[in-house]
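Going by the working numbering, the final residue of the sequence shown carries number 249, and the count climbs one at a time with no gaps.
The beta carbon of each residue, even a glycine, is placed where N, CA and C say it ideally should be.
All remarks here apply to the structure that follows.
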Amino acid sequence: MQGFSSWRKRTTSQFVFALGLNNMMVDGKYQDSNYSFIGSHFYEWGFTYNSRLMKNDNLLHAKYGLSLMYNNIRPTDNRYFVVNGDQTNLETNAVNLTESRFRNVYLVMPVHLEFDFTRPTVKDGKTYFKTHKSFRFGIGGYTGINVKSKQILKFEEDDLKYKSKAKGEYNVNNFIYGVSSYIGYKELSLYVKYDLNPLFQDNLVKENNISMGLRFDFN
Numbered sequence: 031m032q033g034f035s036s037w038r039k040r041t042t043s044q045f046v047f048a049l050g051l052n053n054m055m056v057d058g059k060y061q062d063s064n065y066s067f068i069g070s071h072f073y074e075w076g077f078t079y080n081s082r083l084m085k086n087d088n089l090l091h092a093k094y095g096l097s098l099m100y101n102n103i104r105p106t107d108n109r110y111f112v113v114n115g116d117q118t119n120l121e122t123n124a125v126n127l128t129e130s131r132f133r134n135v136y137l138v139m140p141v142h143l144e145f146d147f148t149r150p151t152v153k154d155g156k157t158y159f160k161t162h163k164s165f166r167f168g169i170g171g172y173t174g175i176n177v178k179s180k181q182i183l184k185f186e187e188d189d190l191k192y193k194s195k196a197k198g199e200y201n202v203n204n205f206i207y208g209v210s211s212y213i214g215y216k217e218l219s220l221y222v223k224y225d226l227n228p229l230f231q232d233n234l235v236k237e238n239n240i241s242m243g244l245r246f247d248f249n
C-alpha cells in the first residue's frame with residue numbers, strides 16, 4: 031500500500047483533445063488521389079493519467095488512458111464506398127455528390143512513454159515535480175475497437191437538398207492498433223498516429239489510416 035500511495039502521488043491526469051488531417055496509405059504512399067488531402071480530418075478526445083516513473087527524477091513518465099478517435103476520409107471524383115461481398119470499393123455515384131464522407135469511430139487505449147523536460151522547483155526546502163511546463167516528447171501506441179462506421183452523402187436534385195447517412199460494417203476491421211508520437215511545448219504538441227492494421231478486413235489493396243495534427247494536453 032505504501033508503494034501504491036507513492037505512485038499515486040506521482041500521478042496527474044489530463045484532458046486530451048487532438049485534431050488534424052487524415053488520409054490513407056498504401057505501401058508507404060499517400061492516397062491523396064483517392065481521398066481529399068485537406069477535406070479529410072481526424073478528431074480525438076479523452077482522458078489520460080501521467081505517472082512519473084522515477085521517484086526523484088522528472089524526465090520519464092508513463093502516459094495512459096482512454097480516448098475516442100474519429101477518422102474521416104472524403105473520396106475524390108464523385109465516388110463513394112460500395113460493399114461487394116468481402117470487398118469495399120470506391121465507385122462513381124450516378125448523382126453529383128456535394129459531399130462524400132466515410133467516418134469510423136474507435137474507442138482506444140493509448141499508452142506512451144513521455145519525456146518531460148520540466149525542471150523540478152524547490153520551495154521551502156521541498157522539491158516539487160510539475161509536468162507540462164516545458165518541452166515534451168512521447169512515443170507509444172494504441173489499441174481498441176471500432177464502435178461505429180458511417181457513410182455520409184449529400185446531393186441536390188430538382189432544387190432539393192438531400193443528406194444520406196448509412197451505418198454499417200462496411201467490412202471494416204473490428205479492432206484497431208497502431209503507433210503514435212508527439213512532440214511539443216507545454217500543453218501543445220505536434221501529433222502523428224498510424225494504424226498498423228488496414229482499414230478494411232479483406233480488401234485486395236491494404237489501406238492504412240494515418241493522421242497528423244495538433245494535440246492538447248490540459249492538466
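Practice task
Grab the span of the beta strand (DSSP E) containing alanine 196 for me, first residue to last.
Solution key: Residue numbering aside, residue 196 sits at position 166 when the sequence shown is read from its first letter. Segment 190 to 197, the beta strand (DSSP E) holding alanine 196.
Problem - Alpha-carbon to alpha-carbon, asparagine 108 and asparagine 126 - result: Taking the first residue of the sequence shown as position 1, residue 126 is located at position 96. Taking the first residue of the sequence shown as position 1, residue 108 is located at position 78. Taking the straight line joining both Cα atoms gives about 6 Å.
Practice task
Determine the direct distance from the alpha carbon of isoleucine 103 to that of threonine 128, and round the result to whole angstroms.
Solution key: In the sequence shown, residue 128 corresponds to position 98, counting from 1. In the sequence shown, residue 103 corresponds to position 73, counting from 1. Taking the straight line from one Cα to the other gives about 15 Å.
Handout entry: Beta-carbon spacing of asparagine 3, serine 179 below 7 Å
Key = What the structure shows of the chain is the stretch from 31 to 249, and residue 3 is not part of that stretch, so it cannot be assessed.
Practice task
Return yes when the Cβ of aspartate 247 is within less than 7 Å of the Cβ of valine 46, no when it is not.
Solution key: As a first step, residue 46 is located in the sequence shown; it is residue number 16 there, counting from the start. As a first step, residue 247 is located in the sequence shown; it is residue number 217 there, counting from the start. The answer is yes: Cβ separation under 7 Å.
Exercise for the section: For glutamate 187, collect the residues of the same chain with a Cβ closer than 6 Å to its Cβ; drop the 5 residues on either side in sequence, then sort them by chain order. Expected result: Counting from 1 along the sequence shown, the entry for residue 187 is found at position 157. Once the five neighbours on either side are set aside, glutamate 187 has no close Cβ partner at all.
Exercise for the section: State the CB to CB distance for the pair leucine 220 and leucine 244, rounded to an integer number of angstroms; the pair is presumed to be in contact (CB under 8 Å). Expected result: On the sequence shown, residue 220 is found 190 positions in, with the first residue counted as 1. On the sequence shown, residue 244 is found 214 positions in, with the first residue counted as 1. About 7 Å separates the two Cβ atoms, so the contact holds.
Exercise for the section: Output the distance between the C-alpha atoms of glycine 95 and valine 222, rounded to the nearest integer angstrom. Expected result: If you number the sequence shown from 1, residue 95 lands on position 65. If you number the sequence shown from 1, residue 222 lands on position 192. Spanning the two alpha carbons is a distance of roughly 17 Å.
Exercise for the section: Just the C-alpha distance for threonine 157 and lysine 163, rounded to the nearest angstrom, thanks. Expected result: As a first step, residue 157 is located in the sequence shown; it is residue number 127 there, counting from the start. As a first step, residue 163 is located in the sequence shown; it is residue number 133 there, counting from the start. The straight-line gap from Cα to Cα measures roughly 15 Å.
Problem - Among Asn239, Asn238, Met242 and His142, the one whose alpha carbon lies nearest that of arginine 82 - result: For the purposes of this step, residue 82 is taken as residue 52 along the sequence shown, with counting starting at 1. Among Asn239, Asn238, Met242 and His142, the Cα nearest to that of arginine 82 is on His142.
Exercise for the section: Taking 8 Å as the threshold, find out whether the region 164 to 174 comes into contact with the region 188 to 204 through three or more Cβ pairs. Expected result: no
Practice task
Check phenylalanine 34 in the structure and name its three-state DSSP category.
Solution key: As a first step, residue 34 is located in the sequence shown; it is residue number 4 there, counting from the start. The predicted position of phenylalanine 34 is uncertain, since its pLDDT is 46 and thus under 50; no value can be drawn from it.
Exercise for the section: Counting only the same chain and skipping the five closest in sequence on each side, list residues whose C-beta sits under 8 Å from that of isoleucine 68. Expected result: Indexing the sequence shown from 1 puts residue 68 at position 38. For isoleucine 68, where only same-chain residues beyond five positions count, the Cβ hits under 8 Å are Leu51.
Problem - Proximal residues to tyrosine 136 (C-beta, below 6 Å), its chain only, five neighbours per side dropped - result: Position 106 of the sequence shown, counted from the first residue, corresponds to residue 136. The answer, listed in chain order, is Met99, Gly174, Asn176 and Ile206.
Handout entry: Neighbourhood of serine 35 by C-beta, 7 Å cutoff - its chain only, sequence neighbours within 5 removed
Key = By 1-based counting over the sequence shown, the position of residue 35 is 5. With a pLDDT of only 49 at serine 35, under the threshold of 50, the placement of this residue in the model should not be trusted, and no figure is reported.
Problem - Whole-number beta carbon distance between tryptophan 75 and serine 97, since they are thought to touch under 8 Å - result: Your numbering for residue 97 matches position 67 in the sequence shown. Your numbering for residue 75 matches position 45 in the sequence shown. Correct: roughly 7 Å between the Cβ atoms.
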